[in-house]
Amino acid sequence: MADKHQSKIIIFFRVNKVDIFYHLLYVHISLRTVDLFFCGNILNLYLSKGVKILKKIMMFLSAAMVLTLFPTSSYATEASIAPEKTLKSTLVTEVKGDKINFSPLTYDGKSTKLYSETSITKESAIKTYSKAYQYIVEDFTSRGINVDLDNEQVQDLIKTYFLIELDDKDLQNELRQFAAFMDFYENKAVNDQIINAVSNKTLSVDGDFNNLFPVNTHSTIQSSETTLEDNAAIITPLAYTPSTAATYAVNWWNKTNNTSYPYYAEYAGQSTTNNNLNDLPSGASGQSNPRRAWNDCTNFVSQALVAGGLSTKKSGIWFPHSNTDNWYYSDSKPSHTWGGAHNFYQHFSSRAGVASSSGLLQVGDALSIDFTGDGSIDHTIIITKTTGTASNQQYATYHTTDTNQTRALDYFYNYNPNVKVYGYEIDKIT
């Protein structure tokens, strides 16, 4: 995820009128390794002087190695001296069932939470949820997707089985349990990246790592109010028109606008000219062949918000796509906040704030959903219809699985007591 920084240094030495030209000292600095390569030709060296010259060269290389491996910084002592696994083990505060919880990680006078992990291995999960795994393999194979449980895109798609509805309720429940396992299994790799960034003192220079941190705001509580509202009376302070955003979502709920937004189809290796790609609930009529091969929920909601008139944001020259202050689409590389559910939360929780109650949310407002309450956002939806302010009077539309105007918000609140909802009053953005 992180970009590696490289530098090339050409070095000249002059010793007693003898020119020593080292063609290349290549210092490659990555998150975990430092590789030093050099080659050169020493011209006209006297044998008696060779040893002294080589000693000077070795002293220089040793100094370069020390400076590279031990740059000055004020990161926490335990993070700078402890190996990754040892450091993580010291942060364990509780092992409850198959869940491992950690204390906050301190760095540079700050602290960040780590995600809870599962103690279940992927091999064990495949055996425990064998029917679910076989269903997923067959489903993914039909889409041309290789089932690699350590692949982020595969993990995101597997988590969509939280929403699956099947006639076979035993299989349905097993798929949801496997999705819950995956939600915690993926956290190990994210925690390792955070700890690596702290240990190698790259946290402050690599924006991608700042995108990894868990949710740090209050959630939106469920409203049971039944106040009727007049959607036509909604007035927005700027150019955002909620009804237009909702209309876009409804029009495209079972299609994919690859004409205007081809990046994700191209990335997934699918046609960028086929707007009929969809990912409907199991057994629904109208399923495209092939099915959409990526998790499109956040990209879909971002499109609807732009259709409603919400302005995009882009600033900075270096890696603007990883800056959570930015939110924009580009055919070459959209911002992480445009298509990533967790990144979308990071942007809009800051830009719009998180609504205290679902009763404040109206047509055109977006929501982030954390299926297990682990602090990592899994899903993004948009409200496209309301008949009141209670959660069972708010109808949402979303992609993956493609769904149009259902009482999804009420379902999320009541599906699992651990579910966390984060709603944004988009029309209030100034």
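Counting along the sequence shown from 1, when you hit position 307 you're at 307 in the UniProt record's numbering, and nothing is skipped either side.
Ideal placement from N, C-alpha and C gives every residue a C-beta, glycine not left out.
- In the DSSP annotation of this structure, His218 is not part of any alpha helix (DSSP H), being labelled neither H nor E.
- In summary, Ile195 is buried, with 16 or more beta-carbon neighbours lying within 10 Å of its beta-carbon over all protein chains present.
- Rounded to the nearest whole angstrom, the C-alpha separation of Ser111 and Val190 is 16 Å.
- Taking the Cα positions, Ala125 is about 43 Å away from Pro242.
- Taking 8 Å as the cut-off, the Cβ atoms of Ala355 and Thr220 count as close.
- Counting only runs of 4+ residues, the alpha helix (DSSP H) found wholly inside the region 148–172 occupies 152–159, in chain order.
- If you look at His342, you'll find it in the alpha helix (DSSP H) that goes Ala341 to Arg351.
- In chain order, His321, Asn326, Trp327 and Tyr328 place their CB closer than 6 Å to the CB of Ser335, counting only its own chain and leaving out the 5 sequence neighbours on each side.
- Proximity to Phe344 across Tyr422, Pro281 and Ser391 peaks at Tyr422, based on C-alpha coordinates.
- Under the three-state reduction of DSSP output, Trp327 falls in the strand class.
- Per DSSP, Phe300 is one residue of the alpha helix (DSSP H) stretching across Cys297 to Ala307.
- Residue state for Leu212 is assigned as coil, using DSSP reduced to three classes.
- Per DSSP, reduced to three states, the secondary structure at Val95 is strand.
- Under the three-state reduction of DSSP output, Leu175 falls in the helix class.
- Selection Thr400, Asn418 and Tyr411 evaluated against Thr160 yields Thr400 as nearest (Cα-Cα).
- Under the DSSP definition of a beta bridge, Asn101 partners with Glu94.
- Under the three-state reduction of DSSP output, Asp402 falls in the coil class, being neither helix nor strand.
- Of the residues assessed, Glu138 falls on the exposed side of the cut-off, its CB having fewer than 16 other CB atoms within 10 angstroms.
- With contact defined as three or more Cβ pairs closer than 8 Å, the region 278–285 and the region 385–401 are in contact.
- Ala197 and Tyr248 have their C-alpha atoms some 40 Å from each other.
- Judged by DSSP in its simplified three-state form, Ile383 adopts strand.
- In the structure shown, the three-state DSSP call for Lys201 is coil.
- In summary, Val154 is buried, with 16 or more beta-carbon neighbours lying within 10 Å of its beta-carbon over all protein chains present.
- In terms of Cα proximity to Asp427, the closest of Tyr267, Pro290 and Arg351 is Arg351.
- Taking every protein chain shown into account, the CB of Thr86 has fewer than 16 other CB atoms within 10 angstroms, so this residue is exposed.
- Exclusion of the five residues before and after Lys255 leaves Asn275, Asn276 and Asn278 as the residues of its chain whose Cβ lies within less than 7 Å of its Cβ.
- The three-state secondary structure of Gln394, taken from DSSP, is strand.
- Secondary structure at Ile126: helix, using DSSP grouped into helix, strand and coil.
- One Cα belongs to Ile145, the other to Ile383, and the distance between them is close to 31 Å.
- Classified as exposed, Val92 has fewer than 16 neighbouring CB atoms from the shown chains inside 10 Å of its CB.
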